[in-house]
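Residue numbers (the working numbering), protein chains in the order written: chain A, 19 to 1204; chain B, 2 to 459. Take a look at the structure set out below.
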Amino acid sequence: MYLKALRNSWPSRRGLPTKTLLIMKLIILLTVIACVHATAGGFAQTVTISLKNASLETIFKEIKKQTGYNFFYNYDWLERANKVSIDVKNAPLNQVLDLCFEGQPLTYEIVEKTISVKQRSLSNQPNEVDPSIVPIDIHGKVVDESGKPVPGVTVAIKGTKKATTTDENGEFTMNRAESNTVLNFTSINMQSFELSVNGKSDIEIKLKSKVTSLGDVTVEYSSGYQKISPERATGSFSVLDNKLITRSIYSNILNRIENLTPSLMFAHGDIPSNSSATGITIRGQSTIYGNSDPLIVLDNFPYYGNIDNINPNDIENITILKDASASSIWGATAGNGVIVITTKKGQTKRPQISLNTSVTIQGKPNLFNVNTISSADYIDLEQSLYGKGYYAGYFNGNPYFPAVTPVVQLLNDVDSGIVSSTVAQQQINAMKTQDVRNDETKYFYRQGVNQQYSLNVSGASQNINYFMSAGWDHDLGNMVSYQTNRITLRSINTIKISKNLFVDAGINYVQGINQNGNNPGQNYIGANVSTFYPYAKLVNNNGAPLPINFSYNNNFLQTSQNVGLLNWQYYPVADINREENKVKTRDYTANIAFRYKIIPSLNAEIKYQYENQLVDGTNLYSDSSYYARNLVNIYTQVIGNGILSFPIPIGGIIYYQNSELVSHQGRAQLNFTQSWGSKNLLTAIAGTEIKSTVTTGNSNVEYGYEPNSYTVQSLINYNINYPFYGNLGNGSIPVVQNISKTTDHFLSYYSNAAYTYNNKYILSGSVRYDEANLFGVETNEKGAPLYSFGGAWLVTNESFYHFSWIDYLKIRATYGYQGNISRLTSAYQTQTYGTAVNVPVVDASIKNLSNRNLRWERTAQFNTGIDFISKNKIISGSIDYYQKNVKDLMGQAPIDPTYGLINYSGPGFFYGNVAGMKVNGTDLELNSRNLDGRLKWYTTFLFSYTSSKVTRYLMPVNSSGSTYLNASSSINPIVGKPLYAYYSYPYAGLDPSTGNPLGYYQGKVSNDYASMATNIPLDSLVYNGSAQPVYFGAFRNTISYEGFSLSCNISYKLGYYFRKHSYDGGLPTSWTLNGDYAKRWKQPGDEKQTNIPSLLYPADPNREQFYDYSSILVERADNIRLEDISISYDKDRSKSSTLPFSHFRLYAYMANLGVIWVANKDKIDPYYNNILKPGKSISFGLTVNF
Amino acid sequence: MKNTSIILVVFLIALQIVACKKADFLNAKPDASLVVPSTVADFQALLDNDIIMNGAGNNGIVPGLSEVGANDYYLRNPYFNSSMDLISKNEYTWAENPYPGAYINDWEYPYRAILASNSALDGIQKILRTKDQQIAYDNVVGSALFYRAFNFYQVAQVFAPVYDSITANSDLGIPLRLSSDINEKIFRSTVKQTYLQIINDLKQATTLLPVNPTTGNRPGKPTAFALLARTYLSMQDYTNAYLYSDSCLQLYNLLIDYNFLDISQRLPIQRFNKENLLNAILIGAKPVLYNSIDSSLFNSYASNDLRPKIWFGTLANTPHLKCSYDGSGFPYGGIATDEIYLIRAECEARMGSYAAGMADLNNLLEKRFVTGTFIPYTAINSLDALSQILIERRKELLLRGLRWTDLRRLNKTPQYAQTILREENGTTYTLQPNDPRYVWLIPDPVIGFNPGMMQNPR
C-alpha cells in the first residue's frame, strides 16, 4: 500500500502504458560528458591553430592546451558535427570558437573557464523525428572530477516541478520524461549544470566542485547506514581522509587517528581508562562502570573482533560520529560515540595496483626513567636493617621459606660463621656497583622492528567494481621474544546485475600470531617479591645466565636439591625461551548485500555478514622452565629415604585456551530520496537489524609434556590432596578445565529522515528501538527507544548574504539520546556453577541479587556548531559546543557488607541505575592556508574542552576521606566532581627534629597518622583536580613544495593532575625502593632542602600512607609534546611522463619524540610517570601505484 | 515490478520469522554459566559451595577474631615485627580500634554465608514440596537454617557481648539478616533476640536435617544438636547445653583413637574424619597462622599424650599447629564430637553429676593416650571435676575458634576469670576479665553505612 501510494504521488505528466516503454528502443547509447578540471592559470586567451578537416574534438583539445579552458560536450553530438578546417594566429578565443561552430548543429557558451557545448534549438533540425512525443526513462550517473559518484544532486526537469535526487552511487532515474527534456543538476557543493537529454536514456555527467565546498576533496560522512554529504548534515561528524590515515605508520588503525581530530582522546600514563579496551573516549567519558569504548563500525556493521585484525592499508577513511544526531542511529550502543571505518573499494576504470611497504625501528625503552634506589643505598639499608633484626623472621625454619637477597644471606652467613666478614664485605662492595637495569636493558630489551607489506588491486568496469588486497605485517617487539605476525587477505566487489539490482560481496581473512616467552622485563616477576633486587646480576662475566634469589631461600633450595628434587633455581635470562606463549587468531568475515532499486526514489537493500573468529592460545612451559620445575617440585612426595614420587610428572606443562566467536548480522533497509519543486529534498532510511554473537571458549591443561615424542601424561590424579614439599602447604593438582559460552542477541528497528529546503534549511530526525537479550529483563521491558532531531541553516546560501570574506557558513543544532549497555548485572538473582573445593559436588555462588528496575544507560546530548570557510579557503573550520546529560548510569554502589554481597578482596557492592553525570565541552578545528602557491604551508589547530561532573550517586560520602585517596584509576564518584579526580592530605612540611611528614588534623599541624587515616572527612582533604585532561588538542603544520611534504604534529593536554611517586619513609617490601630515598631527610636542617621524609624503623604504614597521598606529591600533568614528524616525497606520472608507475610516494615518519614542555617542576613526563619510557621510533616506507 | 514483489515478499517473510522467534531470540541466555535458580538442586548447590559456607580452600568462614585475641598461642617477636601488618598487630595487642576504616572478613564472610542461606530459604518457598523431593527439599531448608544460625552464632561471639541473662534484653546483639532482600533494613538486635533467633533456627533445622549427611561439608541432625549445645553453653545455660549435647551424642558419638593415626605423616588427621560433624575453617588471621603454642599449655600435655605429636610441628624452635581437624595446617573452626563430649562433661559437672562428667572426659581422653597407658581421671566433687574438665577442654580444643568464647563466658565467674597478657618489643599488653575489648568493634564501614548504628563501647 505504501509503495502504491508513493507511485501515485509520483509526478508524471503523461501516463504512457509500460508496454510502449518496453518496446521502445534506446536511441542513443552511452553518453559521456568529459571534463578535465582546470589546472593552475598562466594560459593565453588567444589561440593559434592550423588544422584541416579536423574533428571538433581535436580542435577542442588544442584549444584547451593553449588556453586552459575546459570543454563540456557530448561525444554523440560531436560525431554528428561537421569537420572543420581552420587556420588562425593569435586569434581571440571566442572568434576561434565562432569559426568552429559555424554551420554546426551545435553552439557554445562560456561560463568562467568552461566552454559548454550545446545543441542548437531543436526546431532547427528538420531531419530529426521529434522525439519529445516519445517519453523515455532516463537513467544517469553523476560523478565528480575524480570520477567518484556524487550523491544528493538534485536532478530536475527544467520548467517543470519534476525532480529527483542521485543516490549514494550518484545514480538517478527519471521515469517517463520527454526525450527532449533539459535536465538541471543542482547540488550544494557542486556547480550547477544543464543538460539537454536529447532522447538518450543512459547518461553520465561529470560535475565540478563548487569553490565553496568544504575541502579540496569532499569526503562524505558515513554513518554505517548511509552516506551523508557534509553540507546536508545537521550533526557533528569528523572525517579523517586517506591522506591523514596514511600520515603515520602504526599497524593498528586506531593508533593512526590520535591527535588528528578534536574530541577524541586517548588515555596515556596516569589518565585512567577503567572500563575501556581501546583507551579512547569521545567527548569525555559518559559512563562509570559501563563499557567506555566507542562503538567501532567496519563498513556497515559493528566490529567486535580484535582491532589488530584490521589492516590500516585497507582503510579508505574514518568518520567519527560525535553528537546524538550523528550517532543515535546506533541506538543503545552509541553512548560513547561511534567510529566508522570505511574500507577501500574499486573506483578507477583503469585497474590499479598499489604496493605499500614500510619498516619501523623502535628504540629500546629507557629503564632509567624509573626512579629506583641505587644499589649502594639499598645495600646500606639492608645492612642497617639486618643489624636491627628486621630479617630475623626469614631464618630459623620459617615454614614459608621466603627468599632473601644475597646481601641479607651473606650477613646471615657471616653470623652463622659460614663466611668471614672480610670476604662478605668484599662481595658486598662488588654488588654495590651493579645495577640490574643495565642487564635488563641488555638482555630483556632490544630494538623493535616492524615491517608492513601491502598490495592491492582495484578497478571498476561498467558492471563490476573490485578491490583485492593482501597484507603481511611482522613485528619484533621491544621485549626480547615478543613478536607478532599478521596476514590479511581481502576482496570486496560490487556487481551490477541489472539496471536496478546490485550485489556487493566481500571476503576477509586475517591470521594473526602473537607470541612471547617468559620475559619479565621490568615488571612483576611473581612470588613474594615483585622486582629484582637493584644489584641483581642476570649473567656472569662470560654472559652465561645466572640464577637470582627468588621465592625460596638458599638453604631450602640446597636441601631440596640434596633430597633429589629438580633444580629449583630461576635463571631469568635463560627462562625467556623456556616458555612459549602463543595466541593465534584467525578471523573470517564474509558479507553480501543486495541493493534493488524499486522506483527511482526508493531502493531496498539487504545486507548480511558472517564472522568467525578463532582464537587459539597455548602456553607451553618446557620441562626446563622455572614454572614447570617449580610446580613439579612443590608436589613432589618424599616417600622414604631417597625415594620420591612426582604426582605432577616431570616434563613440560601446556595450557590451552581456545575461543570462538560466531556472529551473524543482518539488515534490511529502505532508502528513500525524493526531491520536488527543485527546492525540496527529502532523504529517509528505515530498516531493521538483527544480530547474534555467540562466543564459546574452553581451556585445559596437560602435564608431562615431552617434546620429542610429542606426548603428555594422561594419568593424573586430581582428587588427592597432596601435602606440598617442605611444609609449603597442601593442595590437589590444579585442573584447568573450563568451558564458557556467551550470547549477544540484538533486534533493532531504526529510521531517520532529513529534509532540505532550498539548499538552506535542513531538518533531520532519527529514532531507533533496540531490544536485546539482556538477561532477566522481561522481553517487553528490553526495548530502549532512542531518538534525535536537529536542524541546520546554510547562511551563505541566503540571498541577503553578502559578506565576501566568508564563502561558506553553516549553523547547526541537534538534540537527542544515545544509549550504553552494561552487562554487569541482571534483573533476576542469578548464580554461577562450579565444583566444591573439598567434595566432588556441584556448587553455586550468587552472581547478583535481583534488580527488576534495570534500565539501559542514556545520554541526552545537545550540540550546536558552526562550520565556515573563508574566502579562498584561507581559514576554514568548525566550532561545536555540547552538553551531555547522562542518566540512569549503572553505578557500582558500595553496599553494607552486612548484606553479604562481597568480593574476595574488599568491600561489597551492587550494580544499579544509580548515577548521573553531566559533561559539557567545546570542540574546535581550524585549518588555515598560510601559503598556497608552489610552496604550501597549511596549519591545523585542534582544541577540545571537556568537563564532566558526577551529578548523582547513590552512595553517601564515606565518613573517612582516606577512602578517596587511591590510585587515579579507581572510581569513587563524588557528586559535583569529575569521575576521576585526585584528593590528597594537606601537607605541612617535614618535622625539623624527626623528618616526619606533617599534615593537618582537626585544623592543627599534626603527625597523628592513625587518626588522619581514619577520621579526616573528605572536605578537609585537598581537592587537586581532574585526573583526565580538561583541555587537549593538537597543532599540525604541513609544508609542501612540489612533491616534498613535511608535516609535524604537536599535541597538548592541559588542566589535569598526576600523583608523583616518591620515597615515603617506609621499608622495602618488594626488594626495591624509590630513588628519592637518597634525598630523604637525614638530619635536622635537611627539611630546608627536601620534602622526602626520614626513614622510620619500625615502619609505620599510616605514616607512609599519609605521605604517599599528601598534597606535596600531586603535580600538574599538563604537557605539550612533539608527537611526530612525517616527511614524504610524491611523484605523479602526470607531472613526469618518464615515471614507470603512475604514482609513487617515499616517506619517513618519526614518533615518540617526547615532551616539549611539562608543567611539573621535576620534569616528569606524565605519560610515563615512573614507568618505562618507550624509545623513539623511525619509519621508512614506499608506496607505488601502477 | 515482478522482481520488486518477490523481494518484498521475501523481506516480509523474513520479518515474520524474526517476529515469531523474537521471544526466544531475546530470551537467550547471555552467559551460559548464569542460572536463575529455580530448582531444589539449584539451592542445594548454593549451600554446597564449601568456599562460602565452610571456608574451604583456606578462605575461612569462622571469624579469626575468635582466636586472635585468645591466649592459646603467642607470636614470636620476629614475626610480630616483620610479618604482621598493622591490623594484625593491632588485633594481636587488643588495640582500642584495631582496624580503623577497614572492611573486615570476619564480618563479611559470615554475612555472605547468611545471604546464601537466606537466598535458599527465600527461593525454595516458591517451589512446591512434592513427595518425591521432600528429603532434598527439607535438607535445603534445614541446612540453610543451620548455616544462618551457625554464622549468627559466630558473629555474635566476636562482635556482640557475651550473653548475660540479666542484661540480654538491653545489650546490643548483631544485625539479624533474615531475607535476601537488598532493601531490608540493617540494625542491631538485642543479644536476647540474637540468641533466640539462633536457637529457633537450629531447633527448626533439627526437625529437617538427616541424621547422616552425605558429605562432611553438610550439616546433619547431630550437627544442629551440637551447635545448640554450643550456643547454650555460651549462654551459660548448662541444662539446655547438656540436653542438646546429649541429643547429639545419642545420634552420633564416634571418636578417633589417636593410636591408629600415623604419627610419621605430616598430616596424620584426615579432613572429614570421624569426629567431624561439620567442616569449617577459621578465617586466616595472620597472628594465628604464625602461632607458637602457649608454653604452659604445651607443657601441660603428658608424655604419653599423643595429641601434641599429632597436632604440632616446630616453627622457629617452638611448637606450632601442624595438622588441624581440617586435615591441613589451617585452623579448624568446625564442630567435632570431642567438643560435644566436653560440653556434656562440663554440664554434667556443673549440674552435680560429676561422675558422669568424668566418665565422658575419660572416654575422650582414653582415645588420646598411648593405648594401655591412660589412667582415668578422678574427681572428688563437682567443682574439682569442673576444674579438670575446663583444663582438658582447653587442651583438646585449642585453636578451634572456641577459646575466645570460653574466656568471655568464664570471666563471668570470678573463680575462672583470668587476665591475659601479651609482650612484644618490651611492651606488655593486658586484657582484664570483662574488658570492653572482649567485644570487637563492628567494622567502621558497617557503622558508616548505618549512621544510627551503635558501636560497641570502648
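Virtual Cβ for every residue (Gly too), placed ideally from N, Cα, C. As the structure is a computational prediction, the values presented were derived from the model and not from experiment.
* Quick one: which residues of the stretch 33-48 of chain B get their C-beta closer than 9 Å to a C-beta of chain A? List them in chain order. => Ala33, Ser34, Leu35, Val36, Val37, Pro38, Ala42, Asp43, Phe44, Gln45, Ala46, Leu47 and Leu48
* Asked: Taking the C-alpha atoms as reference points, what is the distance between alanine 380/B and leucine 366/B?
  -> 15 Å
* Interface residues of the stretch 669-686 of chain A facing chain B [CB-CB below 9 Å] -> Gly684 and Ala686
* **Spatial neighbours of tryptophan 312/B in its chain, beta-carbon cut-off 7 Å, leaving aside the 5 residues before and after** => Leu322, Lys323 and Cys324
* Measuring only between beta-carbons, confirm whether leucine 268/B sits less than 8 Å from chain A. => yes
* **Pairwise C-alpha distance: methionine 1030/A and serine 923/A** => With a pLDDT of only 46 at serine 923/A, under the threshold of 50, the placement of this residue in the model should not be trusted, and no figure is reported.
* Asked: Could you give the uninterrupted runs of the alpha helix (DSSP H) lying entirely in the stretch 982-1014 of chain A, keeping only those of 4 residues or more?
  -> none
* Just how far apart, CA to CA, sit proline 223/B and glutamine 198/B? -> 19 Å
* For phenylalanine 190/A, collect the residues of the same chain with a Cβ closer than 6 Å to its Cβ; drop the 5 residues on either side in sequence, then sort them by chain order. => Gly158, Val173, Thr182 and Thr184
* Assuming serine 256/A contacts isoleucine 338/A (C-beta within less than 8 Å), just tell me the rounded distance between them. => 4 Å
* To do: Tell me aspartate 605/A's beta-bridge partners as DSSP assigns them.
  => Val528/A and Gln631/A
* Buried or exposed (CB count within 10 angstroms, at least 16 for buried), tryptophan 586/A -> buried
* Determine the contact status of aspartate 605/A and valine 528/A, defining contact as a CB-CB distance below 8 Å. => yes
* **Members of the stretch 780-791 of chain A that neighbour chain B once the beta carbon cut-off is set at 8 Å** => Glu789, Ala790 and Asn791
* Asked: glycine 561/A: buried (16+ other C-beta within 10 angstroms of its C-beta) or exposed?
  -> exposed
* Under 7 Å between beta-carbons, which chain A residues line up against asparagine 451/B? List them in chain order, please. => Asp914
* Asked: Would you report the Cα separation of glutamate 146/A and threonine 1056/A, rounded to the nearest angstrom?
  -> Any reading at glutamate 146/A needs caution, since the residue's pLDDT is 44, under 50, leaving its predicted position unreliable; the model's value is listed next. Using only the alpha carbons, I get a separation of about 58 Å.
* Asked: How about glycine 744/A: is its C-beta nearer than 8 Å to some C-beta of chain B?
  -> no
* Asked: What did DSSP end up calling glutamine 879/A once you bin it into helix, strand or coil?
  -> strand
* Asked: Using the C-alpha atoms, what's the distance from lysine 967/A back to glycine 994/A?
  -> 5 Å
* Asked: Quick one: does proline 1116/A have its CB under 8 Å from some CB of chain B?
  -> yes
* Asked: Does any residue of chain B bring its CB to less than 8 Å from the CB of asparagine 865/A?
  -> According to the sequence provided, residue 865/A is lysine. The question's asparagine does not apply to it. Yes, lysine 865/A lies at the interface with chain B (some Cβ there is under 8 Å from its Cβ).
* Within the 8 Å Cβ cut-off, does isoleucine 381/B reach chain A? -> no
* To do: Tell me where the beta strand (DSSP E) around cysteine 1066/A begins and ends.
  => 1062-1072
* CB contact check: phenylalanine 26/B to chain C, cutoff 8 Å -> Judged by its chain identifiers, the structure shown contains no chain C, and its protein chains are A and B.
* To do: Express the C-alpha separation of glycine 124/B and tyrosine 917/A in angstroms, rounding to a whole number.
  => 17 Å
* Could you give the distance in angstroms between the alpha-carbon of aspartate 385/B and the alpha-carbon of isoleucine 421/B? -> 23 Å
* Asked: DSSP state of methionine 455/B, grouped into three classes?
  -> coil
* To do: Report yes or no: is there a C-beta of chain A within less than 8 Å of the C-beta of isoleucine 264/B?
  => no
* Where does valine 426/A fall in DSSP's three states? -> helix
* Per DSSP, cross-strand counterpart(s) of serine 18/A -> Since the displayed chain A opens at 19 and closes at 1204, residue 18/A lies outside it and no answer follows.
* Asked: Using the beta-carbon count (16 or more within 10 Å), is phenylalanine 1050/A buried or exposed?
  -> buried
* Chain-ordered neighbours of valine 855/A on chain B, where CB pairs are closer than 7 Å -> Asp51, Ile52, Ala57 and Gly58
* Asked: Which residue spans inside the stretch 10-80 of chain B form an unbroken alpha helix (DSSP H) run of at least 4?
  -> 23-27, 41-48, 51-55 and 66-69
* Would you mind working out which of Tyr1041/A, Leu399/A, Met497/A and Tyr644/A sits nearest proline 552/A, comparing C-alpha positions? => Leu399/A
* Asked: Taking the C-alpha atoms as reference points, what is the distance between glutamate 1141/A and asparagine 277/A?
  -> 8 Å
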